[in-house]
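All residue numbers for the sequence shown refer to my numbering, where the first residue is 260 and numbers rise by one.
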Amino acid sequence: ALQGPWGLTVVFFPTQEDPALLRWAYARTQNVYPTFRPTPKTSFLGALFAIGPILFWAAAFKAERDRKEKLIQEGKYKRPFSLF
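Here you go:
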């Protein structure tokens with residue numbers, strides 16, 4: 260035992276390594292994707308999740324804009340006043 264600040268006794272315990280913690284640290288740093296294989300299915304799903312929402316919202320906004328423009332051309336919808 261050592262004498263610490265303010266007269267406190269400091270006891271050092273030997274450290275024990277946890278094998279599960281070592282495996283977790285290895286998996287997080289060295290072995291990032293050990294079981295992932297790029298296949299046509301995973302490539303398609305990646306593209307679908309990356310580009311799909313953009314294409315969906317682009318089509319939704321264009322359809323809404325075209326619908327309003329058609330109503331304006333027919334005189335059934337008055338365009339609201341806007342400074343911008």
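Even for Gly, the Cβ is constructed at its ideal location relative to N, Cα and C.
For residue i, the first and last residue of its enclosing alpha helix (DSSP H)
i: Arg326; result: Pro299 to Glu333
i: Tyr285; result: Pro278 to Thr288
C-beta contact flag for residue i and residue j at 8 Å
i: Arg324; j: Ile331; result: no
Own chain residues within Cβ distance below 7 Å of residue i, not counting five before or after
i: Glu328; result: none
Residue i: CB within 7 Å of a non-hydrogen atom of the ligand COA
i: Arg287; result: Absent from the structure shown: the ligand COA. Ligands present: none.
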